[in-house]
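So the structure is just underneath, and the comments pick up after that.
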Amino acid sequence: MIFSRLSPLLRAMHAYYDAHAKGGLTYAQARVLAAALACPGATQVELADETRIEPPTMKRHLDALERAGLIRRGSVDGDRRKRAVMATPAGEALDLLRLRDQLEAVSVRGIDPGDLAITAAVLQRMEENLRGGPGK
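Below, the structure written as C-alpha cells:
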C-alpha cells in the first residue's frame with residue numbers, strides 16, 4: 001500500500017523540479033548542490049551521508065558541479081586529504097533551497113501538521129527497519 005504510492009510521489013517530485021528548476025542540472029545534481037548550500041564547508045563524505053548518495057557517485061556529481069562553476073572544493077584545515085565543498089556565487093544564484101522549500105510546501109498543502117509528523121515518523125521507522133536499525 002505505501003510502496004505503491006512512493007514511486008508516483010517521487011516521479012511527481014522530479015516532474016515539479018524539472019518544470020521549475022533553472023541551470024540545467026539533473027535532479028540528483030540539484031540535491032547535491034542544495035546540500036552544499038545548506039551545509040557550507042561540508043566535506044564530500046558529509047555530503048554523501050547527508051544525501052545518502054554513495055561516495056563514488058557523490059564525487060561524480062561534485063566533479064560535474066565544479067566543471068559547471070557551481071561549487072568549489074578546498075582543503076580542510078588540519079587534514080589536506082579531506083575536501084570541503086562550497087557553493088560558488090553561480091551555484092547560489094540558482095536558488096535551489098527556495099525551490100526545495102517551495103516543492104515541499106506545494107506537496108504538503110492541505111495536509112494537517114499532525115498527519116505530516118506521523119508520516120515523517122513512520123517513514124523514518126520504515127527506513128530504520130530496512131537498514132537494520134532500532135527495533136530490528
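119 is the number that UniProt numbering gives to position 119 of the sequence shown; each next residue is one higher, with no gaps. In this text, a Cβ means the ideal position worked out from N, Cα and C, and glycines have one as well. Note that the structure is a prediction, hence the values are computed from the model and not measured.
If you check the CB distance, residue 58 and residue 71 do not come in under 8 Å.
By the CB criterion at 8 Å, residue 27 and residue 103 fall outside the cutoff. The C-alpha of residue 99 lies about 20 Å from the C-alpha of residue 52. Per DSSP, residue 93 has no beta-bridge partner at all. Per DSSP, residue 58 is one residue of the alpha helix (DSSP H) stretching across 55-67. Taking C-beta atoms as the reference points, residue 123 and residue 23 fail to come closer than 8 Å. For residue 83, the closest of 89, 55, 115 and 44 by C-alpha to C-alpha distance is 44. In the three-state DSSP reduction, residue 26 falls in the coil class, being neither helix nor strand. According to the DSSP assignment, residue 131 belongs to the alpha helix (DSSP H) that extends over 113-131. Residue 19 counts as exposed, since fewer than 16 other C-beta atoms from the protein chains shown sit within 10 angstroms of its C-beta. Of 11, 1, 3 and 2, the smallest CA-CA separation from residue 107 is found for 11. Counting along the chain, the unbroken beta strand (DSSP E) around residue 79 starts and ends at 79-87.
The shortest C-alpha to C-alpha distance from residue 62 to any of 111, 35 and 8 is the one to 35.
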